[in-house]
Amino acid sequence: MTELVVRRLLIDLAAPIPARWNGGDAFRSAFFNALSMSFPVGEQYFIDSVKAGLKTLPDAARAKHEQEVRGFIGQEATHRRIHSLFNAHLDKLGFPNIIERRALRRLEKNAHLDVRLHLAATAATEHFTDILANWMLRHPFALQGSEDRLKTMWLWHSAEESEHRCTAYDIYQAAGGDYPRRIKVFRYITMIFMTDVLYQTMRNLWHDGALFKLSTWRSAWRFLFGKDGIISANRQAWRDYLAKDFHPDQHDASLSRQWLADNAGQFAVVG
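Per my numbering, the sequence shown runs over residues 13 to 283.
Okay, structure coming up:
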């Protein structure tokens with residue numbers, strides 16, 4: 013069981029942001045914008061899935077996980093709010109949020125499915141966010157040249173994603189989720205996650221007028237497939253989830269704990 017602290021981020025998101033806020037780099041900005049556009053709906057889905065899963069547990073198991081789930085919900089609700097504020101700036105800049113509309117259609121179509129499928133989807137997506145979080149905390153070039161307030165926003169989110177990486181997985185297991193379903197859903201989420209983020213990134217680049225520029229795709233290649241690129245550096249972390257005995261706490265969270273300790277002045281603990 014994990015002690016999860018809810019934190020209120022002490023940054024000003026009222027000031028506008030430029031389209032290429034990430035160090036002036038069109039691809040990095042478009043990619044992170046695509047992620048942010050997915051978060052408000054995604055975070056609410058994670059909250060709903062974990063809450064519904066908790067309700068299905070026997071009394072003793074529910075009591076064991078209740079406090080952690082409260083912290084998980086508090087953290088995810090805060091992420092949803094912060095990224096809604098960030099996305100409002102993107103909306104003012106004219107970026108179309110296609111990824112959110114696609115997600116809402118899928119949620120409506122699949123709302124009737126067994127809660128364990130929703131928990132499996134949540135656990136799988138949380139694995140992706142944990143991978144991304146650890147990669148960002150290890151590789152400062154991901155946000156190089158960004159404003160301090162935006163670096164703080166993304167790294168705070170990353171640290172908390174790593175911190176609560178086990179919650180949805182543990183509720184899935186406690187609710188009787190099995191290995192074949194976990195892997196089947198994980199492969200599906202891999203396809204959906206990558207397709208949606210790539211499509212939204214391309215739309216962002218089109219709107220920014222950078223889609224057909226060579227410099228954009230040079231940056232994309234370094235960011236995705238370079239020596240420390242987000243895909244090339246994380247293949248093994250992705251594969252780890254396929255092991256029958258995998259558990260998210262096998263992934264190191266020391267960088268998350270260190271960032272939260274070093275940046276305690278950037279947030280206030282709630283409750």
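Glycine residues also receive a C-beta, built at the ideal position from the N, C-alpha and C atoms.
Contacts around residue i, its chain only, beta-carbon distance under 8 Å, and the 5 residues preceding and following it disregarded
i	result
Lys256	Tyr191
Pro28	His101 and Lys104
Integer-rounded CB distance, given that residue j should sit under 8 Å from residue i
i	j	result
Thr68	Ala187	5 Å
Phe43	Arg92	Not confirmed; about 20 Å, so no contact.
Gly65	Leu16	Contact flag wrong, Cβ pair sits at about 16 Å.
Glu175	Ser268	5 Å
Three-state secondary structure assigned by DSSP to residue i
i	result
Ala75	helix
Ala280	strand
Val18	strand
Ser174	helix
Gly157	coil
Thr202	helix
His2	Residue 2 falls outside the range modelled here, since the chain spans only 13 to 283, and no answer is possible.
Pro30	coil
Phe85	Note that residue 85 is Ile in the sequence shown here, rather than Phe. Correct three-state label for Ile85: helix.
Ala136	helix
Lys67	helix
Phe237	helix
Asn122	helix
Length of the line joining the Cα atoms of residue i and residue j
i	j	result
Leu226	Asn45	20 Å
Thr228	Ile183	41 Å
Asn246	Asp37	22 Å
Arg234	Val81	38 Å
Leu97	Ala133	26 Å
His95	Ala75	31 Å
Leu116	Asn109	11 Å
Trp250	Arg150	16 Å
Thr213	Glu78	37 Å
Leu210	Asp274	33 Å
Gly164	Pro70	Reading off the sequence shown, one finds Thr at residue 164, where the question assumed Gly. Taking the straight line from one Cα to the other gives about 40 Å.
Asn34	Arg215	17 Å
Glu120	Met49	18 Å
Tyr200	Cys178	20 Å
Ala280	Arg19	5 Å
Leu303	Trp147	This structure does not reach residue 303, given that the chain is present from 13 up to 283, and the question cannot be answered.
Ala265	Asp252	15 Å
Arg193	Met203	16 Å
Chain-order list of residues whose beta-carbon lies under 6 Å from that of residue i (same chain, five-residue window excluded)
i	result
Tyr181	Ala135 and Pro260
Asp288	No statement about residue 288 is possible, as the shown extent of the chain runs from 13 to 283 and does not include it.
Contact set for residue i: own chain, Cβ-Cβ below 7 Å, skip 5 residues either direction
i	result
Arg114	Asp208
Ile243	Leu236 and Phe237
Any chance the segment 252 to 271 sits against the segment 142 to 149, with 3 or more Cβ pairs inside 8 Å?
In short, these stretches touch, since the Cβ pair count reaches three.
Can we say the segment 80 to 91 touches the segment 50 to 64, given the rule of at least three CB pairs closer than 8 Å?
The segment 80 to 91 vs the segment 50 to 64: in contact.
Whether or not the segment 118 to 134 and the segment 145 to 162 are in contact is what I'm after, with contact meaning three or more pairs of Cβ atoms, one per stretch, closer than 8 Å; do they touch?
The segment 145 to 162, when compared against the segment 118 to 134, does not touch it at the 8 Å Cβ threshold.
Determine, using beta-carbon pairs with one atom in the segment 162 to 182 and one in the segment 19 to 26, whether at least three such pairs fall under 8 Å.
Look at the beta carbons and you see the segment 162 to 182 touching the segment 19 to 26: at least three pairs across the two are nearer than 8 Å.
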